[in-house]
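Residue 287 in full-length UniProt numbering sits at position 287 of the sequence shown, and the numbers go up by one each step.
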Amino acid sequence: MAASKGAPDIYSQFLSSAPGAFIAAKAGLPRPENLRRYKHGEPPLAGPVLIGGKGRLAEPLRALLSDYPAASAADDNFGALVFDATGIGQVTELEQLFEFFQPVIRNLAPSARVVVLGTTPEETTDVDEHVAQRALEGFTRSVGKEVKRGATAQLVYVSPKASPGLSGVESTLRFLLSAKSAFVSGQVIRVGAEDSTAPADWDKPLEGKVAIVTGAARGIGATIAEVLSRDGAHVICADIPAAGDALSETANKVGGTSLALDVTAPDAADKLAEHVLERHSGGADIIVHNAGITRDKTLANMDEGRWNMVIGVNLLAPQKITESLVAKGALKEGGRVIDVSSIAGIAGNRGQTNYGTSKAGVIGLVEASAPVLAEKNITINAVAPGFIETAMTAAIPFATREAGRRMSSLLQGGQTVDVAETVAYFANPASNAVTGQVVRVCGQSLLGA
Ligand code: NAD
């Protein structure tokens, strides 16, 4: 498993000491939970699953979750509460949410999961149903803010055209109902109508796949390389020539290849395509545009160089490289493009007009490219990390850094592995019905919420 990297969280260390815990309890200070994260061989959830609701997904949902231990309403340590809300066709029927959740919501295990499934509002044909389904978003996001001890809450909208077997939803449910989604909360994921084929082994879904990760020398990129490799992929680790030793270290660790590449170089896409096509017949299956930089200044103090550099690395490079790889056939049909946005691209951030612009542009890129790439069965999605413990965030002044960590439902910063697990979910061949989505990995940060 990828090691957690980044600056030590001094506050959490303080709380884990006996005097720290005592002072925190007396003063009513926030108590971040030690989040349950994926370990091979451990059960996905900390307790049994209670399924409720009576829509079109209820029966297939039970079949899909048949290998998870089932709970009864009388249990008091739920690993997950899963509710099929697709039967809710009008506002008065939203009461079903209250009836199911209210009696059991107190009885969640640590790091428990709440998942509500609905029908994609834009695909409903009825005003009442659209309103009721759209309302689910406010419900799940509010639940995410109320549940404690590392529990999370998500909403999955399923296309009304999805076939009754629900195979297209399985990868999303498995991700959300596992420790891999530890730092993902308050998210809404839309799943399309396509059927999916389950991988032979859910622990090695990327067996035989070739993945490119940019900015792989350190931080989030290095962990993405580790997690994709853990899942079976051969990883081409790309980073600037100056990253030298660190890049080789990541590539060696994951048994992959290293490629010195500045993503903004005019020939970057050609070089990448050439590398891939020479060594891997048919091209790559996955590209993760993780390379990113900040050059912070308030707009009044910003110079052109800082502006252009950030837009160039964070936004123009991912767009140009994807377009070129697809045009050259260096990214296979059925491929996966995963971009890295940021909550700064959603909420905006002081001193980051350049960075916020680039990361919001990444979201636009995902939205605009999804229908175009769908013609080649290529999906494109983005992760939008919040506060992740890396060298980038360790450089933030102490008070701002502490605020960034605590201003979220999970009351802590995330680990690089949390972003990497979300990338791996998008990369999964069984996630073919998931495209055009942006999943925040931010512990339900209050920024941009
Ligand atoms: P980092 O600075 O630790 O690592 C970034 C890597 O990208 C480095 O290895 C760097 O050499 C590489 N890189 C930079 N310019 C490049 C170029 N022109 N060509 C190739 N490689 C280049 O950063 P990180 O914290 O690991 O962030 C990774 C991604 O996640 C970035 O896109 C960042 O914007 C995003 N992000 C991070 C956070 C966070 O909290 N750390 C939050 C939101 C978004």
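All C-beta atoms in this analysis are idealised placements derived from N, C-alpha and C, irrespective of residue type, glycine included.
(message) Using a Cβ distance threshold of 8 Å, determine whether the region 312 to 325 contacts the region 263 to 277, with at least three qualifying pairs required.
(response) Flag = yes, the region 312 to 325 and the region 263 to 277 touch.
(message) Please classify Asp67 as buried or exposed, where buried requires at least 16 neighbouring CB atoms within 10 angstroms.
(response) Counting the other Cβ atoms within 10 Å of the Cβ of Asp67 gives fewer than 16, which makes it exposed.
(request) Return yes when the Cβ of Gly47 is within less than 9 Å of the Cβ of Val82, no when it is not. (result) Not in contact: Val82 and Gly47 (Cβ atoms no closer than 9 Å).
(request) Evaluate the contact criterion for the region 176 to 193 versus the region 207 to 217: three or more CB pairs, one atom per stretch, below 8 Å. (result) Short answer: they don't touch.
(request) Note down, one range per segment and in chain order, each alpha helix (DSSP H) of at least 4 residues found wholly within the region 81 to 127. (result) When DSSP assignments are scanned along the region 81 to 127, the uninterrupted stretches of alpha helix (DSSP H) that are 4 or more residues long and fall wholly within it turn out to be 95 to 101.
(request) Measure how close the beta-carbons of Ile443 and Ser409 come, nearest whole angstrom, since I'm counting them as under 8 Å. (result) Reading off the sequence shown, one finds Gly at residue 443, where the question assumed Ile. Indeed, because the Cβ distance is near 6 Å, the residues count as touching under 8 Å.
(request) Within its chain, find whatever has a CB closer than 6 Å to the CB of Arg149; leave out the 5 residues flanking it on each side and keep chain order. (result) Cβ neighbours of Arg149 beyond the five flanking positions: Glu33, Pro110.
(message) By the DSSP assignment, the alpha helix (DSSP H) with Asn354 in it spans what residues?
(response) DSSP places Asn354 in the uninterrupted alpha helix (DSSP H) bounded by 353 to 374.
(message) Check for me: the beta strand (DSSP E) holding Glu33 runs from which residue to which?
(response) Careful: Glu33 lies outside any beta strand (DSSP E) and carries neither H nor E.
(message) Rounding to the nearest angstrom, what Cα-Cα distance links Lys5 and Lys161 in this structure?
(response) In this prediction, Lys5 scores a pLDDT of 40, lower than 50, which makes its location untrustworthy; the coordinate-derived value is nonetheless stated afterwards. The straight-line gap from Cα to Cα measures roughly 42 Å.
(request) Using 8 Å as the cut-off, classify the Cβ of Lys320 as near or not near the heavy atoms of the ligand NAD, replying yes or no. (result) The closest heavy atom of the ligand NAD lies 8 Å or more from the beta carbon of Lys320.
(request) Drop a sphere of 10 angstroms on the beta-carbon of residue 452, count the other beta-carbons inside from all chains shown, and report buried for 16 or more, exposed for fewer. (result) The question about residue 452 has no answer here: the residues shown for the chain are numbered 1 through 449.
(request) With hydrogens ignored, establish whether the beta-carbon of Thr257 is closer than 8 Å to any heavy atom of the ligand NAD. (result) Distances taken from the Cβ of Thr257 to the heavy atoms of the ligand NAD include none shorter than 8 Å.
(message) Distance check for Cys237 and Asn381, CA to CA, integer angstroms please.
(response) Distance between the alpha carbons of Asn381 and Cys237: 20 Å.
(request) Please confirm whether any heavy atom of the ligand NAD lies closer than 8 Å to the CB of Gly215. (result) Under cutoff, so the answer is yes.
(message) At a cut-off of 8 Å, would you count Ile220 as near the ligand NAD, judging by its Cβ distance to the nearest heavy atom?
(response) With a threshold of 8 Å, the Cβ atom of Ile220 counts as near the ligand NAD, since some heavy atom of the ligand is closer than that.
(message) I'd like to know whether the C-beta of Lys359 is nearer than 9 Å to at least one C-beta of chain D.
(response) Among the protein chains of the structure shown there is no chain D, as only one such chain exists.
(message) Suppose contacts are defined by Cβ-Cβ distances below 9 Å. Is Ser185 in contact with Thr223 by that definition?
(response) Between Ser185 and Thr223, the CB-CB gap reaches or exceeds 9 Å.
(request) Say yes only if the C-beta of Phe387 is nearer than 8 Å to one or more non-hydrogen atoms of the ligand NAD, and no if none qualify. (result) Result yes, Cβ under 8 Å from the ligand NAD.
(request) Can you grab the Cα-Cα spacing for the pair Ala394 / Val131, in whole Å? (result) When rounded, the distance between both Cα atoms is 43 Å.
(message) If you reduce the DSSP assignment to three classes, tell me which class Lys204 lands in.
(response) In this structure, Lys204 counts as coil in the three-state DSSP scheme.
(message) Considering just the uninterrupted stretch of the beta strand (DSSP E) at Thr257, what are its terminal residues?
(response) Run containing Thr257: 257 to 260, per the beta strand (DSSP E) assignment.
(request) Tell me where the beta strand (DSSP E) around Glu333 begins and ends. (result) That run of the beta strand (DSSP E) goes 331 to 340.
(request) Whole angstroms is fine: what's the gap from Ala291's alpha carbon to Gly221's? (result) For Ala291 and Gly221, the distance between alpha carbons rounds to 7 Å.
(message) Tell me the rounded alpha-carbon separation between Gly284 and Gly335.
(response) Position check: residue 284 holds Ala in this sequence, whereas Gly was assumed. Going by the C-alpha atoms only, they are around 8 Å apart.
(message) Any heavy atom of the ligand NAD inside 8 Å of the beta-carbon of Asp212?
(response) It is worth fixing the name first, because residue 212 is Ile in this sequence and not Asp. For the ligand NAD, not one heavy atom lies less than 8 Å from the Cβ of Ile212.
(message) Suppose the cutoff is 8 Å on Cβ atoms and the five residues either side in sequence are ignored; what does the same chain contact list for Arg350 look like?
(response) Excluding residues within five positions, the ones whose Cβ falls inside 8 Å are Thr298.
(request) Quick one: residues in its chain with C-beta nearer than 7 Å to the C-beta of Gln437, no 5 flanking neighbours on either side, listed in chain order? (result) For Gln437, where only same-chain residues beyond five positions count, the Cβ hits under 7 Å are Ile189, Arg190, Asn381.
(request) Output the boundary residues of the beta strand (DSSP E) element that contains Leu176. (result) From DSSP, Leu176 is part of no beta strand (DSSP E) but of the alpha helix (DSSP H) over 170 to 176.
(message) Would Asp35 and Gly79 be called neighbours here (beta carbons separated by less than 9 Å)?
(response) Sequence inspection shows Leu at residue 35; the Asp mentioned does not correspond to that position. With contacts defined by Cβ atoms closer than 9 Å, Leu35 and Gly79 do not form a contacting pair.
(request) Report the residue ranges of all alpha helix (DSSP H) runs contained in full by the region 195 to 252; include only those spanning at least 4 residues, in chain order. (result) You should have 219 to 230.
(message) Helix, strand or coil, according to DSSP, for Pro385 in the structure here?
(response) Note: Pro385 maps to strand in three-state DSSP.
(message) Quick check on Asp75: does DSSP put it in helix, strand or coil?
(response) Here Asp75 carries a coil assignment [DSSP, helix/strand/coil].
(request) Return the chain-ordered list of same chain residues with a C-beta closer than 7 Å to the C-beta of Ala246, the five sequence neighbours on each side being excluded. (result) Around Ala246, the same chain offers Ala217, Arg218 as residues with beta carbons nearer than 7 Å, after the five sequence neighbours per side are excluded.
(request) Starting from the Cα of Ser163, find the closest Cα among Pro241, Leu176, Leu61, Val310 and give me that residue. (result) Among Pro241, Leu176, Leu61, Val310, the Cα nearest to that of Ser163 belongs to Leu61.
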